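If you're matching positions, the sequence shown starts at 0 in numbering that gives the first Met the number 0 and goes up one per residue.
Note that the Cβ used here is the ideal one computed from N, Cα and C, for glycine as well.
Everything numeric in this text was worked out from a predicted model, so none of it was measured.
The structure appears below as structure tokens.
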Amino acid sequence: MKDRLTKWRLLSVFAVLTLVLSGCGEPFLSALTPAGEVAQIQYDLMILSTVIMIAVIIAVTVIFVIAITRFRRKKGEENKIPKQVEGSHLLEIIWTVIPIILLLILAVPTVTATFHLADVKEMDKKPNKDGVRDALVVNVRASLYWWEFEYPDYKVITSQDLVVPTDQKVYFNLIASDVKHSFWIPAAGGKLDTNTDNVNKFWLTFDSQKSEEAGNLFYGKCAELCGPSHALMDFKVETKSQDDFKQWLNAMQTAKEVTPTDTAAAEGQKIFEQSCLSCHAVSPQDARPEQARLAPNLATFGERARIAGVLEHNEEELKNWIRDPEKYKPGNKMTNTYKQLNEQELDQLAAYLMSLKVEDK
Numbered sequence: 000m001k002d003r004l005t006k007w008r009l010l011s012v013f014a015v016l017t018l019v020l021s022g023c024g025e026p027f028l029s030a031l032t033p034a035g036e037v038a039q040i041q042y043d044l045m046i047l048s049t050v051i052m053i054a055v056i057i058a059v060t061v062i063f064v065i066a067i068t069r070f071r072r073k074k075g076e077e078n079k080i081p082k083q084v085e086g087s088h089l090l091e092i093i094w095t096v097i098p099i100i101l102l103l104i105l106a107v108p109t110v111t112a113t114f115h116l117a118d119v120k121e122m123d124k125k126p127n128k129d130g131v132r133d134a135l136v137v138n139v140r141a142s143l144y145w146w147e148f149e150y151p152d153y154k155v156i157t158s159q160d161l162v163v164p165t166d167q168k169v170y171f172n173l174i175a176s177d178v179k180h181s182f183w184i185p186a187a188g189g190k191l192d193t194n195t196d197n198v199n200k201f202w203l204t205f206d207s208q209k210s211e212e213a214g215n216l217f218y219g220k221c222a223e224l225c226g227p228s229h230a231l232m233d234f235k236v237e238t239k240s241q242d243d244f245k246q247w248l249n250a251m252q253t254a255k256e257v258t259p260t261d262t263a264a265a266e267g268q269k270i271f272e273q274s275c276l277s278c279h280a281v282s283p284q285d286a287r288p289e290q291a292r293l294a295p296n297l298a299t300f301g302e303r304a305r306i307a308g309v310l311e312h313n314e315e316e317l318k319n320w321i322r323d324p325e326k327y328k329p330g331n332k333m334t335n336t337y338k339q340l341n342e343q344e345l346d347q348l349a350a351y352l353m354s355l356k357v358e359d360k
């Protein structure tokens, strides 16, 4: 009996902790805090389905309570046969029509939203004479365990950091380079699988007011179990006004290769070219074919918010990552693919990588 009480106490504690922890976290990291049209549509559908389910539960509970109180067996009436309703046409119509009505209430907006969210014909329109479409298209490529974002009309590539304009539809082509992943930005909507054998397409919007409230920063992640470091496959989403976004694109298109003036960074560049350049690139105009892009583009590495998507952005954490990437992201493809560096070389390489910037922030 004592052991049973202990188990119930533990269960109660875990239940309370689950309830408390469900309210923790930063704003706009949850699908319950929509920051765009797609997320708002999905949120409204969740609320609608939840209301219907609660209404059904309440109705069934009320009927159950009435049945066990009003129609319970009473003393002296053990042999009394209650009124029989079997075969009642009225009751059969009621319990057939009501579920149909509830199903229609849920199905009609769901199907309407599905077709609306699947409308990507704008991204298939031909580009103008400059090779640019009216629709902003981003090619997303997922790899173990990082993300690449290509703006094909502008010949610009970034990794780990997705930059998007507010109050404008952003269309995505999704594909994976190794195993199945899933692209998800909780506050903006999604999620959609990235497969190796076909391209999935969809669109998102980012509300300017909600973006400002969130500090123009959202986070996305992989939502499909893809390996030992699945939980660490995150990326940053930076939102900009449409004018600022155009300026950012222009800066990326005209960015020149960084020439370090610091002695340590200059030595680090030599180390990078010897040990890292075969996989990584340091120019946002990465002209290599997709098959040759084996690792994240580092053109804006010095501007990032995180190292490898999960560590604080500073030289010490960068050196920790280079020393032992397997410790921080088990199963990643960087492990054992370069020669080990001594502490001086690590300092020089870290200095060079931190100098890689397109915008002076």
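Gly-301 versus Ala-263: straight-line alpha-carbon distance, rounded
Residue numbering aside, residue 301 sits at position 302 when the sequence shown is read from its first letter. Residue numbering aside, residue 263 sits at position 264 when the sequence shown is read from its first letter. Going from the Cα of Gly-301 to the Cα of Ala-263 covers about 15 Å.
Please report whether the beta-carbon of Gln-208 lies at a distance below 8 Å from any beta-carbon of chain D.
Absent from the structure is chain D; it holds one protein chain and no more.
What would DSSP say about Phe-70, mapped onto helix, strand or coil?
The residue you call residue 70 lines up with position 71 of the sequence shown. Three-state result, Phe-70: coil.
For His-371, list the residues DSSP reports as bridge partners.
Outside the displayed span of the chain (0 to 360) sits residue 371, for which this structure offers no information.
Spatial distance of Lys-361 from Ile-100 (CA atoms)
Missing from the structure shown is residue 361; the chain here goes from 0 to 360 and no further.
Beta carbon of Gln-273, beta carbon of Tyr-351: below 8 Å?
By 1-based counting over the sequence shown, the position of residue 273 is 274. By 1-based counting over the sequence shown, the position of residue 351 is 352. No, Cβ-Cβ distance for Gln-273 and Tyr-351 is not below 8 Å.
For Ser-277 and Pro-295, the rounded distance between their alpha carbons
In the sequence shown, the residue the question calls residue 295 occupies position 296. In the sequence shown, the residue the question calls residue 277 occupies position 278. In a straight line, the C-alpha of Pro-295 is about 12 Å away from that of Ser-277.
Quick one: complete beta strand (DSSP E) runs, 3+ long, within the segment 123 to 174?
Runs of the beta strand (DSSP E) inside the segment 123 to 174: 135 to 142, 145 to 150, 155 to 158 and 160 to 164.
Considering only C-alpha positions, which residue in the set Lys-235, Gln-284, Ile-46 and Val-198 is nearest to Ala-304?
In the sequence shown, residue 304 corresponds to position 305, counting from 1. Ranking the options by Cα distance to Ala-304, first place goes to Lys-235.
Is Gly-188 near Gly-35, with beta carbons less than 8 Å apart?
Here residue 188 corresponds to residue number 189 of the sequence shown, with the count starting at 1. Here residue 35 corresponds to residue number 36 of the sequence shown, with the count starting at 1. In this structure, Gly-188 sits near Gly-35, with a CB-CB distance shorter than 8 Å.
By how many angstroms is the C-alpha of Thr-109 removed from the C-alpha of Ile-46?
Sequence index remark: in the sequence shown, residue 46 carries index 47 (1-based). Sequence index remark: in the sequence shown, residue 109 carries index 110 (1-based). The straight-line gap from Cα to Cα measures roughly 12 Å.
Determine contact between the segment 164 to 174 and the segment 130 to 142, defined as no fewer than three beta-carbon pairs at a distance below 8 Å.
Yes, they touch.
Please list the terminal residues of the continuous alpha helix (DSSP H) segment that includes Asp-243.
Taking the sequence shown and counting its residues from 1, one reaches residue 243 at position 244. That run of the alpha helix (DSSP H) goes 241 to 253.
I'd like to confirm the pairing. Which residues does DSSP put opposite Asn-221 in its beta bridges?
On the sequence shown, position 222 is the one that residue 221 refers to. Just to set this straight, residue 221 is Cys in the shown sequence, not Asn. Phe-182, per the DSSP bridge assignment.
N-terminal and C-terminal residue of the beta strand (DSSP E) that Leu-203 is part of:
Against the sequence shown, residue 203 aligns to sequence position 204. For Leu-203, the uninterrupted beta strand (DSSP E) segment begins and ends at 199 to 203.
Alpha-carbon spacing of Asp-196 relative to Ala-117, whole angstroms:
Walking along the sequence shown from the start, residue 196 turns up at place 197. Walking along the sequence shown from the start, residue 117 turns up at place 118. Rounded to the nearest angstrom, the two C-alpha atoms are 20 Å apart.
Do you know how far the Cα of Leu-31 is from the Cα of Phe-70?
To locate residue 70, count along the sequence shown from 1; it is residue 71. To locate residue 31, count along the sequence shown from 1; it is residue 32. Computed Cα separation, rounded: 43 Å.
Going by the CB atoms, is the gap between Leu-28 and Ala-186 shorter than 8 Å?
Taking the first residue of the sequence shown as position 1, residue 186 is located at position 187. Taking the first residue of the sequence shown as position 1, residue 28 is located at position 29. Yes, these two residues count as a Cβ contact at 8 Å.
Let me check understanding here. Comparing Cα to Cα, which of Val-119, Trp-247 and Asp-233 lies closest to Lys-356?
For the purposes of this step, residue 356 is taken as residue 357 along the sequence shown, with counting starting at 1. Of the listed residues, the one whose Cα sits closest to Lys-356 is Trp-247.
Distance CB(Val-178)-CB(Cys-225) smaller than 8 Å
Here residue 178 refers to the residue found at position 179 when the sequence shown is read from its first residue. Here residue 225 refers to the residue found at position 226 when the sequence shown is read from its first residue. Yes, the Cβ-Cβ distance between Val-178 and Cys-225 is below 8 Å.
Which listed residue (Trp-145, Ile-65, Met-232 and Val-37) has its alpha carbon closest to that of Arg-292
Here residue 292 refers to the residue found at position 293 of the sequence shown. Comparing Cα-Cα distances from Arg-292 to each of Trp-145, Ile-65, Met-232 and Val-37, the minimum goes to Trp-145.
Test item: CB-CB of Asn-319 and Glu-325 under 8 Å:
Stepping through the sequence shown from its first residue, residue 319 is reached at position 320. Stepping through the sequence shown from its first residue, residue 325 is reached at position 326. It is not a contact, given that the beta carbons lie outside the stated cut-off.
Kindly identify the DSSP beta-bridge partner or partners of Glu-314.
By 1-based counting over the sequence shown, the position of residue 314 is 315. According to DSSP, Glu-314 bridges with nothing at all.
By DSSP, does Leu-10 sit in helix, in strand, or in coil?
The sequence position of residue 10 within the sequence shown is 11, counting from 1. Residue state, collapsed to three classes: helix.
Starting from the C-beta of Lys-425, find all residues in its chain whose C-beta is less than 6 Å away, skip the five residues before and the five after it, and write them out in chain order.
Given a span of 0 to 360 for the chain in the structure shown, any question on residue 425 remains unanswerable.
Taking Cβ positions, are Val-362 and Phe-244 nearer each other than 8 Å?
This structure leaves residue 362 out entirely; the chain is present only between 0 and 360.
Would a C-beta distance cut-off of 8 Å place Thr-204 and Lys-239 closer than the cut-off?
Here residue 204 corresponds to residue number 205 of the sequence shown, with the count starting at 1. Here residue 239 corresponds to residue number 240 of the sequence shown, with the count starting at 1. In terms of Cβ geometry, Thr-204 and Lys-239 do not form a close pair [threshold 8 Å].
Excluding sequence positions up to five away, which residues of its chain have a Cβ less than 7 Å from the Cβ of Val-309?
To locate residue 309, count along the sequence shown from 1; it is residue 310. In chain order, Leu-231, Asp-233 and Tyr-327 place their CB closer than 7 Å to the CB of Val-309, counting only its own chain and leaving out the 5 sequence neighbours on each side.
Comparing C-alpha positions only, which one of Asp-43, Asp-166, Ile-57 and Ala-222 sits nearest to Asp-242?
Sequence index remark: in the sequence shown, residue 242 carries index 243 (1-based). With distances taken between CA atoms, Asp-242 lies nearest to Asp-166 out of Asp-43, Asp-166, Ile-57 and Ala-222.
Have a look at Val-37 and Ser-87 and give me their C-alpha separation to the nearest angstrom.
Position 38 of the sequence shown, counting from 1, holds the residue named residue 37. Position 88 of the sequence shown, counting from 1, holds the residue named residue 87. C-alpha separation (whole angstroms): 45 Å.
Where Asp-323 sits in the DSSP three-state scheme
Along the sequence shown, read from residue 1 onward, the residue named residue 323 stands at position 324. Per DSSP, reduced to three states, the secondary structure at Asp-323 is coil, with no helix or strand assignment.
Chain-order list of residues whose beta-carbon lies under 7 Å from that of Gln-159 (same chain, five-residue window excluded):
Translated into positions along the sequence shown, residue 159 becomes position 160. Taken in chain order, the residues that qualify are Trp-145, Trp-146, Phe-234, Lys-235, Pro-295, Arg-303 and Gly-308.
Smallest Cα separation from Gln-252: which of Pro-151, Tyr-218, Glu-266 and Pro-227?
Position 253 of the sequence shown, counting from 1, holds the residue named residue 252. Among Pro-151, Tyr-218, Glu-266 and Pro-227, the Cα nearest to that of Gln-252 is on Pro-151.
With DSSP collapsed to three states, give me the class of Lys-332.
Walking along the sequence shown from the start, residue 332 turns up at place 333. In the structure shown, Lys-332 falls within a coil segment according to DSSP collapsed to helix, strand and coil.
Secondary structure at Thr-109, three-state DSSP: helix, strand or coil?
Taking the first residue of the sequence shown as 1, we reach residue 109 at position 110. Note: Thr-109 maps to helix in three-state DSSP.
I need the DSSP call for Gly-188, collapsed to helix, strand or coil.
Translated into the one-based positions of the sequence shown, residue 188 becomes position 189. Correct three-state label for Gly-188: strand.
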